Amino acid sequence: MTRKHIGIREGFLRAKKAKRRKDMIGTISEVRGNFSKVIDLVNRSGRRCVIEHRDKIVGAIISADELETQEILEDPVTMKRLRRAEKAIKTGRLLTSEEVFGH
0 MTRKHIGIRE
10 GFLRAKKAKR
20 RKDMIGTISE
30 VRGNFSKVID
40 LVNRSGRRCV
50 IEHRDKIVGA
60 IISADELETQ
70 EILEDPVTMK
80 RLRRAEKAIK
90 TGRLLTSEEV
100 FGH
């Protein structure tokens, strides 16, 4: 797979256009040598850092917020509750604050 690398401000990392954002891309050596900086960039920007080895993706670093989102999406009970809540919103079956909290 050919990816277009675009130089960005962060120096050693490159950016790749993704569906909704630009991922940062670095080799294993680049990421290892700048690990603290990569973690800071990922958390500050909310973008992923895709790690490549010999032009193949071998891993990624994601922010704590993105990890939390992934954990929610992987939890079947939480997803069932979210789908049920979305359906209730669409059909207008909502509770007032008095019904929920009793005030």
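Start counting the sequence shown at 0; every next residue gets the next number (numbering that gives the first Met the number 0). Glycine included, each C-beta is placed from N, C-alpha and C at the ideal position. Owing to the predicted nature of the structure, the values given are computational and were not obtained by experimental measurement.
Cβ pair Arg-47, Asp-22 closer than 8 Å: Along the sequence shown, read from residue 1 onward, the residue named residue 47 stands at position 48. Along the sequence shown, read from residue 1 onward, the residue named residue 22 stands at position 23. The answer is yes: Cβ separation under 8 Å.
Taking 8 Å as the threshold (C-beta atoms), are Val-76 and Glu-60 in contact? Within the sequence shown, residue 60 is the residue found at index 61, counting from 1. Within the sequence shown, residue 76 is the residue found at index 77, counting from 1. The sequence as given places Ile at residue 60; Glu does not occur at that position. Result no, Cβ atoms of Ile-60 and Val-76 do not sit closer than 8 Å.
For Ile-71 and Gly-32, I'd like the C-alpha separation in whole angstroms. In the sequence shown, counting from the first residue as 1, residue 71 sits at position 72. In the sequence shown, counting from the first residue as 1, residue 32 sits at position 33. About 32 Å.
Cutoff 7 Å; reference Ser-62; Cβ partners in own chain excluding five residues on either side: Counted from its first residue, the sequence shown places residue 62 at position 63. Result list for Ser-62: Val-41, Asn-42 and Gly-45, in chain order.
Ile-88 classed as buried or exposed, judged by whether at least 16 other C-beta atoms fall within 10 angstroms: Here residue 88 is taken as the residue at index 89 of the sequence shown, counted from 1. Exposed is the call here.
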